[in-house]
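To start, the structure under review is shown below, and the notes come after it.
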Amino acid sequence: MNTQLLIQLLVNGLVVGTLYGVVAMSFVLIYKATQVVNFAQGELLLVGAWVCWWLLTKYQVPFYLGMPITLVFMFLFGIAIQIVILRPMIGEPIISVIMVTIALSTVFSALMKWMFGVNLQPFPRIFQTQNINILGLQVQTVYLMSLAVSVAMMVGMAWFFRLSKYGLAMRATAFNQQVAQSLGISVKSVFAMAWAISATVSAVAGVVVAVVNGVSAGLSAYGVKVFPAAILGGLDSVGGAVLGGIIIGLLENVAHFLDSEYLHWGNLYEIAPFYALIIILMIKPYGLFGTKDIERV
Amino acid sequence: MAGQTLIPAGDFRTSYAADTTVFPTTTSRNAMILGIVLICFAPHVVSAYVLSLLIQIGIFGIAALGLNIVVGFTGQISIGHAAFFGFGAFTSAYLSNRFGIPVFFCIPLAGVVTAAVGLIFGLPAARLKGLYLAIATLAAQYILLDFFARAEWFTGGSVPASAEPFSIFGYMLRGDKQYFYVVLAYVVVCYLLVTNLIRSRDGRALVAVRDHYLSAEIMGINLTKYRTLSFGLAAFFAGVGGALYAHYNQVVSNEGFGIDRSIIFLAMIIIGGLGSIMGTLMGTAFMVLLPESMEWLSVALRDSPIDQFLGLKNNIAFLREMAIGVIIIVFLVFEPDGLAHRWRQIKAYWKLYPFSH
Chain Y
1 MNTQLLIQLL VNGLVVGTLY GVVAMSFVLI YKATQVVNFA QGELLLVGAW
51 VCWWLLTKYQ VPFYLGMPIT LVFMFLFGIA IQIVILRPMI GEPIISVIMV
101 TIALSTVFSA LMKWMFGVNL QPFPRIFQTQ NINILGLQVQ TVYLMSLAVS
151 VAMMVGMAWF FRLSKYGLAM RATAFNQQVA QSLGISVKSV FAMAWAISAT
201 VSAVAGVVVA VVNGVSAGLS AYGVKVFPAA ILGGLDSVGG AVLGGIIIGL
251 LENVAHFLDS EYLHWGNLYE IAPFYALIII LMIKPYGLFG TKDIERV
Chain H
1 MAGQTLIPAG DFRTSYAADT TVFPTTTSRN AMILGIVLIC FAPHVVSAYV
51 LSLLIQIGIF GIAALGLNIV VGFTGQISIG HAAFFGFGAF TSAYLSNRFG
101 IPVFFCIPLA GVVTAAVGLI FGLPAARLKG LYLAIATLAA QYILLDFFAR
151 AEWFTGGSVP ASAEPFSIFG YMLRGDKQYF YVVLAYVVVC YLLVTNLIRS
201 RDGRALVAVR DHYLSAEIMG INLTKYRTLS FGLAAFFAGV GGALYAHYNQ
251 VVSNEGFGID RSIIFLAMII IGGLGSIMGT LMGTAFMVLL PESMEWLSVA
301 LRDSPIDQFL GLKNNIAFLR EMAIGVIIIV FLVFEPDGLA HRWRQIKAYW
351 KLYPFSH
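In the order they appear, the protein sequences are chains Y and H.
Sequential numbering from 1 applies to the first sequence in full-length UniProt numbering.
Sequential numbering from 1 applies to the second sequence in full-length UniProt numbering.
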């Protein structure tokens, strides 16, 4: 048994898993606040990463400026999507809402390919040192940064929801829209804000992935991996999404380890989350922390 | 009632038979028969390019019909339809190559095998609903695609599997012109089957599950049975469509059964109209012609300033993708009931002409 490889993969899993967690968190945020299943989450990552890449390479904007500009752009972008496309869909059947987000993801991914091409573009180097030695393990600096950024975003979200006034309004809306509205909360602006925050957080995750792996259309795969993570955690639990993301990240890498050491099936790590997804849906469809939907007649 | 040539002004139906009749008047039945007879002459009239488009409309129309059963009539969401379509294609090729079964029997057999696979993935469907089901079918899509890449004995792995040309009692059909009639026959049979299914007890049960599943259950409809059944039926038609596709192209490769194809199938039924049988065919025609019209557009705009600015020629693939996404959004926002609804409105307008109000 190759312990070195296993530990390396577990570290990978943790880093990737926290990123999944962040994306799943922003996915759950939209679902919880607006009851929309966002199939375009991966494309939000993609758009954020491309915008940042574009600023950094074409206009030579330094990173500390380019990143905030990207985030502001994504904030407005999220609001725009909600107002222009999702708002007319309020009250439509679930299939229509799902189809709209699927169509959005098609449009964005095609648009990005059109504007920036299909090839992988390396991100400008941000750190001077490539690797840091921790307890005899070579850990890439970008991985550490990714982990730190992810944890910071999770803490930020927790603070926002638990302690800020706006977070409280959002939780109230998620709990019951009509009651929230009667208490003077503007549900419209809460909806727009949910998309804005989700887009911004996704963009951060997108830039982090881009710094590690470069930017390409493949980034939107994160949007698909969100489903196993969010379902495992429970669709309406923010904390569950984070935990689900970490578990799925670890599962992927453990599958990769088993595959390369024993099974030699190839490609197992890509498909393992989907088998997990089917199994979870069969035995525990509401996930670890999701609210059970009990129907009474 | 059946002998009438025009619909009376008002609702005079007094029996269930009259209410569920396929053709309300003899004129509409004759028009349909005439339409089918006329289209039989198509291969001798239209160009090879138009003929290939017609065949594609037929093939995808059958698969989309299956999706409309599960989405439009039963109200379940399936995002993995293209994987079943692909499964049917591979199964038919495998059956004819491995066991030497004549292609004539392979196509329905492929449908049956695909239906069995659909039932396996439909089992979670029995417990799940709404978006959970959508996510489960998304997983099915990826798992089946992975299976196609992995199972070399079945699909040939990275090497495309070859599919025999269609033959009937030893007579080999060659070329699009003859294959057109095969597709046409399947389209007519499948659409008749589904039209009659929806009129039957089972069809009404499916619609009841869609409209209010709790009430349906209280009325004694077995939810598990009908949800799984609709999944199996959808997979059956996807399998038949896929098999026709395989023998049309005579090679089956891993390409073209991905999530993007599933989205196109969903687009077909949304544009045509959820829960509308003829709408399915209209939507399919729309979605087959849409990418082609992008092609025509780029040819028309060649060397114009717009072309030079956007680089249409090199980016035609992305333009098509975007057009698909944009058209879905436009239809969902402005015409959520699809082309079938528009068609009914046009008919209603002419029915009252010139005294419409």
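For each residue, glycine too, the CB sits at the ideal point set by N, CA and C.
Helix, strand or coil for valine 22 of chain H, going by three-state DSSP, please let me know.
Residue state, collapsed to three classes: coil.
Determine the contact status of cysteine 52 of chain Y and glycine 42 of chain Y, defining contact as a CB-CB distance below 8 Å.
No.
Counting only beta-carbon atoms, is methionine 1 of chain H nearer than 8 Å to chain Y?
Caution is warranted here: a pLDDT of 44 is assigned to methionine 1 of chain H, below 50, making its placement in the model unreliable, and no coordinate value can be reported.
Let me see if you follow: with CB-CB separation under 8 Å, is glutamine 8 of chain Y close to chain H or not?
No, glutamine 8 of chain Y lies away from the interface with chain H (no Cβ there is under 8 Å from its Cβ).
According to DSSP, glutamine 35 of chain Y sits in a beta bridge with which residue or residues?
DSSP output for glutamine 35 of chain Y lists no bridge partner at all.
Let me make sure I understand the geometry here. Which of H:Asn97, H:Ala234, H:Gly88 has the alpha-carbon closest to that of valine 113 of chain H?
Taking only the C-alpha atoms, the option nearest valine 113 of chain H is H:Gly88.
Tell me the start and end of each unbroken alpha helix (DSSP H) in the segment 143-227 of chain Y that is at least 4 residues and wholly inside, in chain order.
Runs of the alpha helix (DSSP H) inside the segment 143-227 of chain Y: 165-175, 177-182, 187-213.
Can you list, in chain order, the residues of its chain with a C-beta nearer than 7 Å to that of valine 70 of chain H? Leave out the 5 residues immediately preceding and following it.
Here the set comprises Gln76, Ser78, Ser230, Phe231, Ala234.
Mapping the DSSP letters down to three states, classify tyrosine 142 of chain H as helix, strand or coil.
In the structure shown, tyrosine 142 of chain H sits in a helix (DSSP, three-state: H, G or I).
With H, G and I counted as helix, E and B as strand and the rest as coil, what does DSSP make of methionine 172 of chain H?
Here methionine 172 of chain H sits in strand by DSSP.
What are the residues in the segment 267-282 of chain Y lying within 8 Å of chain H by C-beta distance?
Of all residues in the segment 267-282 of chain Y, Asn267, Glu270, Ile271, Phe274, Tyr275, Leu277, Ile278, Leu281, Met282 have a Cβ within less than 8 Å of some Cβ in chain H.
Can you tell which of H:Ala31, H:Val182, H:Phe331, H:Arg127 has its C-alpha closest to the C-alpha of leucine 274 of chain H?
Ranking H:Ala31, H:Val182, H:Phe331, H:Arg127 by Cα distance to leucine 274 of chain H puts H:Phe331 first.
Could you tell me the distance, in whole angstroms, from the CA atom of leucine 206 of chain H to the CA atom of phenylalanine 73 of chain H?
Distance between the alpha carbons of leucine 206 of chain H and phenylalanine 73 of chain H is about 6 Å.
Quick one: which residues of the segment 210-227 of chain Y get their C-beta closer than 7 Å to a C-beta of chain H? List them in chain order.
Flagged, chain order: Phe227.
Residues in its own chain within less than 7 Å of isoleucine 36 of chain H by CB, not counting five upstream and five downstream?
Cβ within range, chain order: Val188.
Quick one: list the residues of chain H neighbouring threonine 106 of chain Y, beta-carbon separation under 8 Å, in chain order.
Neighbours of threonine 106 of chain Y on chain H, chain order: Asp260, Ile263, Glu321, Met322, Ile324, Gly325, Ile328.
Counting only beta-carbon separations shorter than 8 Å, does aspartate 337 of chain H have a partner in chain Y?
No, its Cβ sits nowhere closer than 8 Å to a Cβ of chain Y.
Can you tell me where the alpha helix (DSSP H) holding methionine 219 of chain H begins and where it ends?
Methionine 219 of chain H -> no alpha helix (DSSP H), and no H or E assigned at all.
Buried or exposed for threonine 227 of chain H, please, with buried defined as at least 16 other CB atoms from any protein chain shown within 10 angstroms of its CB.
For the record, residue 227 of chain H in the displayed sequence is arginine; it is not threonine. When all chains shown are included, arginine 227 of chain H counts as buried.
Excluding five sequence neighbours on each side, which residues of the same chain lie with their C-beta closer than 7 Å to the C-beta of threonine 70 of chain Y?
Hits under 7 Å: Gly48, Val51, Cys52, Leu55, Ala203, Val207.
Determine the DSSP secondary structure at valine 159 of chain H, reduced to helix, strand or coil.
Correct three-state label for valine 159 of chain H: coil.
When we look at the beta-carbon of glutamine 141 of chain H and count the other beta-carbons within 10 Å, is it buried (16 or more) or exposed?
Classification for glutamine 141 of chain H: buried.
May I ask you to report which of helix, strand or coil DSSP gives asparagine 131 of chain Y?
Residue state, collapsed to three classes: strand.
Given this structure, state the Cα-to-Cα distance separating glycine 78 of chain Y from phenylalanine 23 of chain H, to the nearest angstrom.
Cα to Cα, glycine 78 of chain Y sits roughly 49 Å from phenylalanine 23 of chain H.
Using the three-state DSSP reduction, which class does valine 46 of chain H fall into: helix, strand or coil?
Correct three-state label for valine 46 of chain H: coil.
Is it buried or exposed, aspartate 19 of chain H, if we count other Cβ atoms within 10 angstroms and call 16 or more buried?
By the neighbour-count rule (16 or more Cβ atoms within 10 Å), aspartate 19 of chain H is not buried but exposed.
How would you call serine 216 of chain Y, buried or exposed, if buried means at least 16 neighbouring beta carbons within 10 angstroms?
That one is buried.
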